[in-house]
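Inspection log for the structure reproduced underneath, given as structure tokens.
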Amino acid sequence: MLIRYFWVLPQLNELAHYNDRVEVLRIKNQIYQRLKLHSNYAYDNAVWDEAYQAAQQHDVDWFKRNFFLKELFAKQKFNGVYFYDQQGQLITGLSVDPSFTPLSTPEFTDPSRYTSLLINPSEVRANQLKPIIRLQFTHVLAQPAAVFSHSIAPTNENGPSAGTMVVWQFIDNDFVDKLSLEDSDPIDIHTGDELEVLFQHLSAELLQKGVNAQIYRERLLIGARDIQGKPLLAFSFAPSPRLYDQSYLASSTIAGLLMTASILVIFFAAISIRVVRPIIRLLQTVSYASLSNDYSVRTHLRGNSELFRLAGKVDELLEVVEQQQQKLKAQNLRLEELSNTDALTGLANRRSLDTYLNALASHKVDSTLALSLLVVDIDHFKSYNDTQGHAKGDKVLQQVANGLKQLTHGATDLVARFGGEEFVVVLENTDAENATYVAANLCQGIEALGIPHSAAPMRIVTVSIGVATKAAQQPLNPQALFDAADNALYQAKQRGRNQIVVAS
Numbered sequence: 078m079l080i081r082y083f084w085v086l087p088q089l090n091e092l093a094h095y096n097d098r099v100e101v102l103r104i105k106n107q108i109y110q111r112l113k114l115h116s117n118y119a120y121d122n123a124v125w126d127e128a129y130q131a132a133q134q135h136d137v138d139w140f141k142r143n144f145f146l147k148e149l150f151a152k153q154k155f156n157g158v159y160f161y162d163q164q165g166q167l168i169t170g171l172s173v174d175p176s177f178t179p180l181s182t183p184e185f186t187d188p189s190r191y192t193s194l195l196i197n198p199s200e201v202r203a204n205q206l207k208p209i210i211r212l213q214f215t216h217v218l219a220q221p222a223a224v225f226s227h228s229i230a231p232t233n234e235n236g237p238s239a240g241t242m243v244v245w246q247f248i249d250n251d252f253v254d255k256l257s258l259e260d261s262d263p264i265d266i267h268t269g270d271e272l273e274v275l276f277q278h279l280s281a282e283l284l285q286k287g288v289n290a291q292i293y294r295e296r297l298l299i300g301a302r303d304i305q306g307k308p309l310l311a312f313s314f315a316p317s318p319r320l321y322d323q324s325y326l327a328s329s330t331i332a333g334l335l336m337t338a339s340i341l342v343i344f345f346a347a348i349s350i351r352v353v354r355p356i357i358r359l360l361q362t363v364s365y366a367s368l369s370n371d372y373s374v375r376t377h378l379r380g381n382s383e384l385f386r387l388a389g390k391v392d393e394l395l396e397v398v399e400q401q402q403q404k405l406k407a408q409n410l411r412l413e414e415l416s417n418t419d420a421l422t423g424l425a426n427r428r429s430l431d432t433y434l435n436a437l438a439s440h441k442v443d444s445t446l447a448l449s450l451l452v453v454d455i456d457h458f459k460s461y462n463d464t465q466g467h468a469k470g471d472k473v474l475q476q477v478a479n480g481l482k483q484l485t486h487g488a489t490d491l492v493a494r495f496g497g498e499e500f501v502v503v504l505e506n507t508d509a510e511n512a513t514y515v516a517a518n519l520c521q522g523i524e525a526l527g528i529p530h531s532a533a534p535m536r537i538v539t540v541s542i543g544v545a546t547k548a549a550q551q552p553l554n555p556q557a558l559f560d561a562a563d564n565a566l567y568q569a570k571q572r573g574r575n576q577i578v579v580a581s
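Pasting the structure below:
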């Protein structure tokens, strides 16, 4: 009883508390993973030369053609998108419900209410002319909502802000239903007056670091505050199951103590084998798991006594904790994959490309090898979208992406979607001559696909390619190499498209 009181139960409670913290972190990561989709969408479309120019020119029609599409809203699962100029004036925007019925949202059309959502140009200047993204929570039509604000910047991510792009979504039951990547216990949303009490028992807050699992009314709570710092909503879910008896003293324990006392002297050796050693084994197992954070260990004690049943419950609890750890790792891997992959084409996205080039530049062996970079642009793609529609335009982007991937070597070459209809191919250990050969092969290969394009001179989809090479033993400057290839691409387009130009 004393061992159970002073050692076993505290260890088991600590294991259960750790499992609760893992569960809170997993749910918090699921929420961020869901919101990350809007973050990536805002980044991909706000950091774009065409959007930058359209914002400067107040080109309302361009924004409507490219963003106010029912298929786009259904695919991205957001409720609204808005664009504002440098002075904070609304250019255009649209909010809809799940059936694509327009909503009147003064939160985004009334200047006195949406100012706090905008990215001030002075913030971009203070950030060395780099784009800024901000996640906030607020009420929209008296319902909780998540709002992403992203400064509109040139494609090269360097320049004064042309305004702010805002993407928002209701945080409702539909949002909660799509949180988990697999079946799990239900998650509830709480709003209203009860938040004042619930926020005193939070296990974590969104937009803030730290996790402290505390159970309130048999639930764990994650909260979110609005722009003014007031409680906005709370997510609640069940803690991990307790697979052991939490009472300190049971009738079977008392009977066991009396029986043990009566036969202790005569059967000390037997007790040592059947009780003392299993207790030591149990304590060692629980202590090792708690101190080393390795929950794959088991007691492997089998028997019918209370002690052995307790050991069995400890093994079950350790298994639950180990499964939660594996689930959390899987969620993190899935989140990392989503943040580095272009949703439309399945290629690496721009963020993944930057990370890849920076890694090559910092690696001593890779930086001494020749490296070539190809910037690929689909010819007359805007006219294709104008004549065929964005749905077919997306299909063309997928076909071209698959073609580029099939015509390159996945083990040594990286194919990424840079933005819009532009792709980047990185060829490791490849000099200018071989890079020119690869580029010509890509140009011919895309033409050979024979994708119909009625508005193009050749009546099929073609690409133009700019090639730039870093010679061996020269340091790698990713931005300079990209600029050289981009300038070569510009020359290829000036010379009539469907060709390659190699940067000098």
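Quick note on numbering: our numbering labels position 441 of the sequence shown as 518, and the sequence is numbered without any gaps. Even glycine gets a Cβ: it sits at the ideal position worked out from N, Cα and C. All of these numbers come straight from a predicted model, not from anything done at the bench.
Cα-Cα, which of the options is closest to residue i?
i, options, result
"N417", "D121, V473 and T485", "D121"
"Y95", "D456, S369, I196 and K154", "S369"
"L320", "L92, A407 and V501", "L92"
"A549", "L437, S531 and V578", "L437"
"Q246", "L309, V158 and V99", "V158"
"G389", "R358, A569 and D419", "R358"
"A230", "Y82, A425 and Q163", "Q163"
"G269", "L310, I248 and P318", "L310"
"T376", "R536, K307, V363 and S382", "V363"
"L275", "Q285, N106 and Q291", "Q291"
"D249", "A222, E271, V352 and P263", "A222"
"P316", "I331, L298 and A332", "L298"
"F214", "L283, H278, L180 and E200", "L283"
"S199", "Y191, G165, V224 and E184", "G165"
"S429", "H135, P318 and V501", "V501"
"H115", "Y129, V99, E148 and K154", "K154"
"D187", "I168, L384 and L474", "I168"
"D463", "N143, P529, A488 and H486", "N143"
"G487", "L394, L424 and I356", "L424"
"Y109", "Q220, G573, T445 and G300", "G300"
"V224", "S193, P237, G236 and D254", "S193"
"R337", "L526, G306 and S382", "Residue identity differs from the one stated: residue 337 is Thr in this sequence, not Arg. It is S382."
According to the neighbour-count rule (16 or more other Cβ atoms, all chains shown, within 10 Å of its Cβ), is residue i buried or exposed?
i, result
"S439", "exposed"
"D392", "buried"
"S189", "exposed"
"R202", "exposed"
"L341", "exposed"
"R494", "buried"
"Y372", "buried"
"I304", "exposed"
"T182", "buried"
"F177", "exposed"
"I577", "buried"
"A239", "buried"
"I343", "exposed"
"G380", "exposed"
"I523", "buried"
Is the beta carbon of residue i sitting closer than 7 Å to the one on residue j?
i, j, result
"T539", "D456", "yes"
"I210", "T241", "no"
"S545", "A516", "Reading off the sequence shown, one finds Ala at residue 545, where the question assumed Ser. No."
"L243", "S228", "The question names Leu, but residue 243 in the sequence shown is Val. Taking 7 Å as the Cβ cut-off, V243 and S228 do not qualify as a contacting pair."
"E498", "F559", "no"
"P208", "V124", "yes"
"R103", "Q408", "yes"
"L484", "N518", "yes"
"S280", "R296", "no"
"K570", "S541", "yes"
"L566", "V452", "yes"
"F185", "F160", "no"
"D508", "A447", "yes"
Please confirm whether any heavy atom of the ligand ZN lies closer than 6 Å to the CB of residue i.
i, result
"L394", "Absence of the ligand ZN from the depicted structure is noted, as is the absence of any ligand whatsoever, leaving it without description."
Is residue i helix, strand or coil by DSSP?
i, result
"Q213", "strand"
"A468", "helix"
"E273", "helix"
"L146", "coil"
"I168", "strand"
"T418", "strand"
"K81", "Here residue 81 turns out to be Arg, not Lys, going by the sequence shown. Reduced to three states, the DSSP call for R81 is helix."
"R428", "helix"
"V503", "strand"
"R296", "strand"
"M577", "Before going further, note that residue 577 is Ile rather than Met in the sequence given. In the structure shown, I577 sits in a strand (DSSP, three-state: E or B)."
"P308", "strand"
"R386", "helix"
"F252", "helix"
Jot down the residue ranges of each uninterrupted alpha helix (DSSP H) in the segment 90-117, minimum 4 residues, whole runs only, in chain order.
-> none
Going along the chain, which unbroken runs of the alpha helix (DSSP H) with 4 or more residues stay wholly within the segment 345-376?
-> 345-348 and 354-369
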